[in-house]
Amino acid sequence: MPPVGPILRLHLATFAFFFAYGLSVPTLPLYLKALGLGPEWIGWAVALMPLAGLLLRPFGGWAADAWSRKGPALLGLFLSSLAGFFYLGPLPAVLFGRFLQGAGMALFAPSTLAMTSDLAPNETLGRVMGTRNLLIGLGVMLGTALGGLLVDLAGPKAVFLLLALVQLPWFWPLLALPETLKSPKPVRWWQGFLKALGIAGVRAATWANTGFAMVFSVLQAFYPLFLVHQGYSASWVGAFFGFYSLISVIARYPAGILVDRKNPYRVAVVGFFLATLGLFLLWAFPSPPLALLAGALMGTGSGLYLPANIVAVTKATPKELRGSAFSLFTASWDAGGLLGPPLAGALVRAYGEPAIFPLAAALALLTSLYYLRLARRVL
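Quick note on numbering: the working numbering labels position 181 of the sequence shown as 181, and the sequence is numbered without any gaps.
See the structure below:
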């Protein structure tokens, strides 16, 4: 029997972590605008989170393979909680809080992915990762929807306080989990990355993650501002991202079952092109309620490709390299998140907020086509 108890506790701690992240999605851009930042500066401020991730992912991956799977996860959870308290302060503290939240993500995500892959039986790996991604999506969905609603009802500082407090109770259940790294290998951090980069499946999944992270970071940074300028409230912002996340969540567990039966790279390809179709539809119909149709396609696509990509990396990577491989893989979220908002900010300044829609659609299409080229050997 699989160790259901540890996996369940790990899943629930992951849910709480990403629920807290979801709270910041509709809140931070609006709060930064209220503090007087222009669109380009909002893009750079939002990008502080992935910047921190890029700087710390190498340490997180090395630590997960050479020291402990559990230690980086605990530190990441603590830093992410601390970020909420910094968000309550003046602008310099808010910016430092964004950096801390990125540092927390850089440590928490790869180490908990490696722990989950260690604990899950190979024959049900897709379902376990599908469930993990379901809970991540559910956390982001509920956090995003609640964040938008709370901004309207109580203001952004109430959201930031909740962001801090919702994560702290999970520190002790995570501490009680068994250590899954039985044979630490004290090697230099770059050695694990080089070995992971030598795996074709890891390279393909990492590229796709980078491209779609750019796409969705652009939407997260500037779609809230577009809707508000069109006369929609923050609740509509939360509703759109919440609906997109709901559809993605619904697709993730069935996607996990599919990945256990089919080539995960093929499942990912279908997801990428569905999400791309949704982004072209959002370009054509950017305002609610028709925008929700685009959100449904985007959500279905991401619900397929997220667990498929993770299973692909797991199956392609030896157990002793999974910390480094997942650190590289999740660093691609940060790379995309760092590149997307500043690029979009410059376009918004020059051409207005509607410029984000062709940018997002074009990035998604180019990412999907190049993924096909990279993954042709394993499809």
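For glycine and all other residues, C-beta sits at the position ideal for the given N, C-alpha and C.
None of the values given here were measured: they were computed from a predicted structure.
Determine the DSSP secondary structure at F226, reduced to helix, strand or coil. Counting from 1 along the sequence shown, the entry for residue 226 is found at position 226. F226: helix per DSSP, three-state reduction.
What first and last residue would you give for the alpha helix (DSSP H) that runs through L290? Residue 290 sits at position 290 when you count from the first residue of the sequence shown. Run containing L290: none; DSSP gives neither H nor E here.
When you compare only the Cα positions, how much space is there between L372 and D65? Here residue 372 is taken as the residue at index 372 of the sequence shown, counted from 1. Here residue 65 is taken as the residue at index 65 of the sequence shown, counted from 1. If you draw a straight line from the Cα of L372 to the Cα of D65, it is about 30 Å long.
For A120, three-class secondary structure by DSSP: Here residue 120 is taken as the residue at index 120 of the sequence shown, counted from 1. Three-state result, A120: coil.
Please state if the CB of D118 and the CB of S235 are separated by a distance shorter than 7 Å. The count along the sequence shown starts at 1 and reaches residue 235 at position 235. The count along the sequence shown starts at 1 and reaches residue 118 at position 118. Not closer than 7 Å, so no.
Roughly how many whole angstroms lie between the Cα atoms of S324 and W62? For this step, residue 324 is matched to residue 324 along the sequence shown. For this step, residue 62 is matched to residue 62 along the sequence shown. Roughly 6 Å between the two C-alpha positions.
Residue from G340, Q191, S368 and L181 whose Cα sits closest to the Cα of A355: If you number the sequence shown from 1, residue 355 lands on position 355. That would be G340, whose Cα lies nearest to the Cα of A355.
Could you check what DSSP says for L366 in three-state terms: helix, strand or coil? Locating residue 366 in the sequence shown gives position 366, counting from the first residue. Helix, per DSSP.
When the distance is taken between beta carbons, is G104 closer than 7 Å to M49? The residue given as residue 49 occupies position 49 in the sequence shown. The residue given as residue 104 occupies position 104 in the sequence shown. No, the Cβ-Cβ distance between M49 and G104 is not below 7 Å.
I'd like the span of the alpha helix (DSSP H) that includes L168, first residue to last. Here residue 168 refers to the residue found at position 168 of the sequence shown. No alpha helix (DSSP H) contains L168, which DSSP labels as neither H nor E.
Whole angstroms are fine: how far does the CA of V249 sit from the CA of P358? Against the sequence shown, residue 358 aligns to sequence position 358. Against the sequence shown, residue 249 aligns to sequence position 249. Roughly 26 Å between the two C-alpha positions.
Buried/exposed call for P29, threshold 16 Cβ in 10 Å: Numbered from its first residue, the sequence shown carries residue 29 at position 29. With 16 or more other Cβ atoms within 10 Å, it is buried.
Cα-Cα separation, R203 to F193: Along the sequence shown, one-based indexing puts residue 203 at 203. Along the sequence shown, one-based indexing puts residue 193 at 193. C-alpha separation (whole angstroms): 11 Å.
Give every residue of the same chain whose Cβ lies closer than 8 Å to the Cβ of L227, excluding the five residues on either side of it in the sequence, and list them in chain order. In the sequence shown, residue 227 corresponds to position 227, counting from 1. Here the set comprises W236, V237, F240, S287 and P288.
Just the C-alpha distance for S183 and T206, rounded to the nearest angstrom, thanks. As a position in the sequence shown, residue 183 is number 183, starting the count at 1. As a position in the sequence shown, residue 206 is number 206, starting the count at 1. Rounded to whole angstroms, S183 to T206 spans 26 Å at the Cα level.
Do S368 and F216 come within 7 Å of each other at the CB atom, strictly closer than that value? The residue labelled residue 216 in the question sits at position 216 within the sequence shown. The residue labelled residue 368 in the question sits at position 368 within the sequence shown. No, the Cβ-Cβ distance between F216 and S368 is not below 7 Å.
With a Cβ-Cβ cutoff of 7 Å, do A308 and V348 count as a contact? As a position in the sequence shown, residue 308 is number 308, starting the count at 1. As a position in the sequence shown, residue 348 is number 348, starting the count at 1. Not in contact: A308 and V348 (Cβ atoms no closer than 7 Å).
In whole angstroms, give me the CA-to-CA distance for P6 and L177. Looking up residue 6 in the sequence shown gives position 6. Looking up residue 177 in the sequence shown gives position 177. Counting only the Cα atoms, L177 lies some 6 Å from P6.
Using only the alpha-carbon positions, how far apart do A109 and L37 sit? The count along the sequence shown starts at 1 and reaches residue 109 at position 109. The count along the sequence shown starts at 1 and reaches residue 37 at position 37. Approximately 30 Å, taken between the alpha carbons.
Grouping DSSP H, G and I as helix and E and B as strand, with all else coil, what is Y232? Against the sequence shown, residue 232 aligns to sequence position 232. Of the three classes helix, strand and coil, the one that applies to Y232 here is coil, per DSSP.
In angstroms, rounded to a whole number, what distance separates the CA positions of P121 and F15? In the sequence shown, counting from the first residue as 1, residue 121 sits at position 121. In the sequence shown, counting from the first residue as 1, residue 15 sits at position 15. Between the alpha carbons of P121 and F15 lies a distance of about 21 Å.
Please state whether the Cβ-Cβ distance between G299 and M129 is less than 7 Å. Walking along the sequence shown from the start, residue 299 turns up at place 299. Walking along the sequence shown from the start, residue 129 turns up at place 129. Against a cut-off of 7 Å, the Cβ pair of M129 and G299 comes out as no contact.
Backbone CA spacing between S68 and L282 [nearest angstrom]: By 1-based counting over the sequence shown, the position of residue 68 is 68. By 1-based counting over the sequence shown, the position of residue 282 is 282. Going from the Cα of S68 to the Cα of L282 covers about 43 Å.
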